[in-house]
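A short write-up of the structure that comes next.
In my numbering, the protein residues as written are 59 to 162.
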């Protein structure tokens, strides 16, 4: 999941760089074609950037939920291990008491 977030962040950086270059080009009046094309490219880049940021946020939320679920599972496993340890000790003590009672 981290690799997906890194990839989205890289795409966002690239889109921001392209958008910045197009904005400078549009502001300076330098045209690689009709200004409508540059404006359309700029709008497309903005839309892609917004979409990438949305995906990135969704992935972060999914990751956070997975981390919380893992923490809960780890806590449950720890509690189960604690109970098992104490039950085993109680069983050994009961067996020892039974053996002592039979020996008497």
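All residues carry an ideal CB built from backbone N, CA and C; glycine is no exception. Every value quoted in this text rests on a predicted model; they were computed, and no experiment measured them.
Item: Distance check for residue 145 and residue 136, CA to CA, integer angstroms please.; Value: 14 Å
Item: Count Cβ pairs between the stretch 120 to 135 and the stretch 66 to 74 that sit closer than 8 Å; are there 3 or more?; Value: no
Item: Can you tell me the Cα-Cα spacing of residue 131 and residue 64, whole angstroms?; Value: 27 Å
Item: Identify the continuous alpha helix (DSSP H) that holds residue 162 and give its terminal residues.; Value: Counting along the chain, residue 162 falls outside any alpha helix (DSSP H), and DSSP gives it neither H nor E.
Item: Hey, how far is the Cα of residue 150 from the Cα of residue 157?; Value: 10 Å
Item: On a CA-only basis, which of 159, 138, 142, 107 is nearest residue 66? Give me that one, please.; Value: 107
Item: Quick one: is residue 148 buried, meaning 16 or more other Cβ sit within 10 Å of its Cβ, or exposed?; Value: exposed
Item: How long is the line joining the alpha carbons of residue 168 and residue 86, rounded to whole angstroms?; Value: A question about residue 168 goes unanswered here, because the residues of the chain that appear run from 59 up to 162.
Item: What residues in its chain sit with their C-beta under 7 Å from that of residue 99, if we drop five residues either side in the sequence?; Value: 80
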